[in-house]
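> Please see the structure below; I have some questions.
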Amino acid sequence: IENTLYGVPSSLLRASSYFATMLENTDTGGTSEGTTDAHPIRLDLITTFEMDSLLTLLDARLMDDPPLFTIDQWSAALHLATMWHFDAIRKYAIQQIESQYADQSPLDRIALACKCQVGQWLHPAYLALCNRAEPLTVEEGEKLGYPRLMAICRLRESRYTGSSTFGRQRCGSCIYCYNGYGVEKCSHPITNPPVLQVSAIAGQVEFAVPFEV
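Under the working numbering, think of the first position of the sequence shown as 3, with each following residue one higher.
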């Protein structure tokens, strides 16, 4: 990896179904890849930072306390654990990110969820973007991508204009609303838009953009 040779005990690698299958092939007379320093398992498109993060986490599973990782280290370890099917490590990393970095920005959480296939993180992050008062920025739109951005903007707009999500809303402060005519005659902007719930998000954002890996 990036011209660095790692010596990893096979017992650690067997926690991954990906590497367990590879090692099983060598045990039964298949490829010699990974059996000696002269025949290493070549891993492209990953970095030593990612590998170091994963190996630290593999070692730390024998300890009582989690490693003192930054969010970047947890993300790197989760990425490789997902890619190589270290299922127990993946589950542990997800739990630690949720408990230690609950305040991670919605955009960063969406990006990590898509990269590492953590579906349960998507709807809460979408919900935070839909319900916040500040408009989405150009930079945020670029990160979301056009179809997902349009889906979120459509949901945000529905809070103020009324839509099939809520039905027609009323402003609550004009003479029509005061006399009980609200929905039928009120045409004023909504001053206190309803807060979207997860049920309003489900199926609408992913419908625009399928879950990305």
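C-beta: ideal position from N, C-alpha, C; glycine also.
Can you list, in chain order, the residues of its chain whose CB lies under 7 angstroms from that of Y18, leaving out five sequence neighbours each side?
Here residue 18 is taken as the residue at index 16 of the sequence shown, counted from 1. Reading off the sequence shown, one finds Ser at residue 18, where the question assumed Tyr. Hits under 7 angstroms: W86, H87 and F88.
> Taking 8 angstroms as the limit between beta carbons, can you name the residues of its chain near A95, skipping five residues before and five after?
In the sequence shown, residue 95 corresponds to position 93, counting from 1. So the list reads L59, W76, A79, L80 and A83, once near-sequence residues are dropped.
> Can you tell me whether DSSP reads G9 as helix, strand or coil?
Within the sequence shown, residue 9 is the residue found at index 7, counting from 1. Of the three classes helix, strand and coil, the one that applies to G9 here is coil, per DSSP.
> Would Q102 pass as an interface residue toward chain D - the criterion being a Cβ-Cβ separation below 8 angstroms?
This model lacks chain D altogether, as it is built from one protein chain only.
> Please report the straight-line C-alpha distance between D39 and L7, rounded to a whole angstrom.
Residue mapping note: residue 39 aligns to position 37 of the sequence shown, counting from 1. Residue mapping note: residue 7 aligns to position 5 of the sequence shown, counting from 1. Between D39 and L7, the C-alpha separation is close to 8 angstroms.
> Which two residues bound the contiguous alpha helix (DSSP H) that contains T38?
Along the sequence shown, one-based indexing puts residue 38 at 36. Where T38 is concerned, there is no enclosing alpha helix (DSSP H), given that its DSSP letter is neither H nor E.
> Tell me whether K145, by its Cβ, gets closer than 7 angstroms to a heavy atom of the ligand ATP.
This structure simply doesn't include the ligand ATP, nor any ligand for that matter.
> In this structure, how does DSSP classify E159 when only helix, strand and coil are distinguished?
Position 157 of the sequence shown, counted from the first residue, corresponds to residue 159. Helix, per DSSP.
> What residues in its chain sit with their C-beta under 6 angstroms from that of L15, if we drop five residues either side in the sequence?
As a first step, residue 15 is located in the sequence shown; it is residue number 13 there, counting from the start. The residues are F21.
> Measure the alpha-carbon distance for G9 versus L56 and round it to whole angstroms.
As a first step, residue 9 is located in the sequence shown; it is residue number 7 there, counting from the start. As a first step, residue 56 is located in the sequence shown; it is residue number 54 there, counting from the start. Cα-Cα distance, rounded: 13 angstroms.
> Below 8 angstroms, can you find three or more Cβ-Cβ pairs linking the region 40-51 to the region 107-119?
Contact between the region 40-51 and the region 107-119 is absent, because fewer than three Cβ pairs lie under 8 angstroms.
> Take T50 and list the residues in its own chain whose beta-carbon comes closer than 7 angstroms to its own, dropping the five residues that flank it on each side.
Along the sequence shown, one-based indexing puts residue 50 at 48. Once the five neighbours on either side are set aside, the close Cβ partners of T50 are I3, E4 and T6.
> Whose CA, out of R134, T139, A135 and D105, lies closest to the CA of W123?
On the sequence shown, position 121 is the one that residue 123 refers to. Considering only alpha carbons, the answer is D105.
> Output the distance between the C-alpha atoms of I91 and D46, rounded to the nearest integer angstrom.
Locating residue 91 in the sequence shown gives position 89, counting from the first residue. Locating residue 46 in the sequence shown gives position 44, counting from the first residue. Using only the alpha carbons, I get a separation of about 21 angstroms.
> Quick check on the burial criterion: 16 or more other C-beta atoms within 10 angstroms. Buried or exposed for L70?
Here residue 70 refers to the residue found at position 68 of the sequence shown. Exposed, since its Cβ has fewer than 16 Cβ neighbours within 10 Å.
> When you compare the CB positions of I145 and A113, do they come within less than 8 angstroms of one another, or not?
For the purposes of this step, residue 145 is identified with residue 143 of the sequence shown, where counting begins at 1. For the purposes of this step, residue 113 is identified with residue 111 of the sequence shown, where counting begins at 1. According to the sequence shown, residue 145 is Lys rather than Ile. Yes, they are a contact pair.
> Among the residues of its own chain, which have a CB less than 6 angstroms from the CB of L151, if the five just before and after it don't count?
Position 149 of the sequence shown holds residue 151. Around L151: G143.
> Whole angstroms is fine: what's the gap from E52's alpha carbon to L157's?
Counting from 1 along the sequence shown, the entry for residue 52 is found at position 50. Counting from 1 along the sequence shown, the entry for residue 157 is found at position 155. C-alpha separation (whole angstroms): 36 angstroms.
> Looking at the structure shown, is G147 part of a helix, part of a strand, or coil, going by DSSP?
Here residue 147 refers to the residue found at position 145 of the sequence shown. Here G147 sits in coil by DSSP.
> For P11, which option in N27, D61, T23 and I48 has the closest C-alpha, if you only look at C-alpha atoms?
Stepping through the sequence shown from its first residue, residue 11 is reached at position 9. Comparing Cα positions, the closest option is D61.
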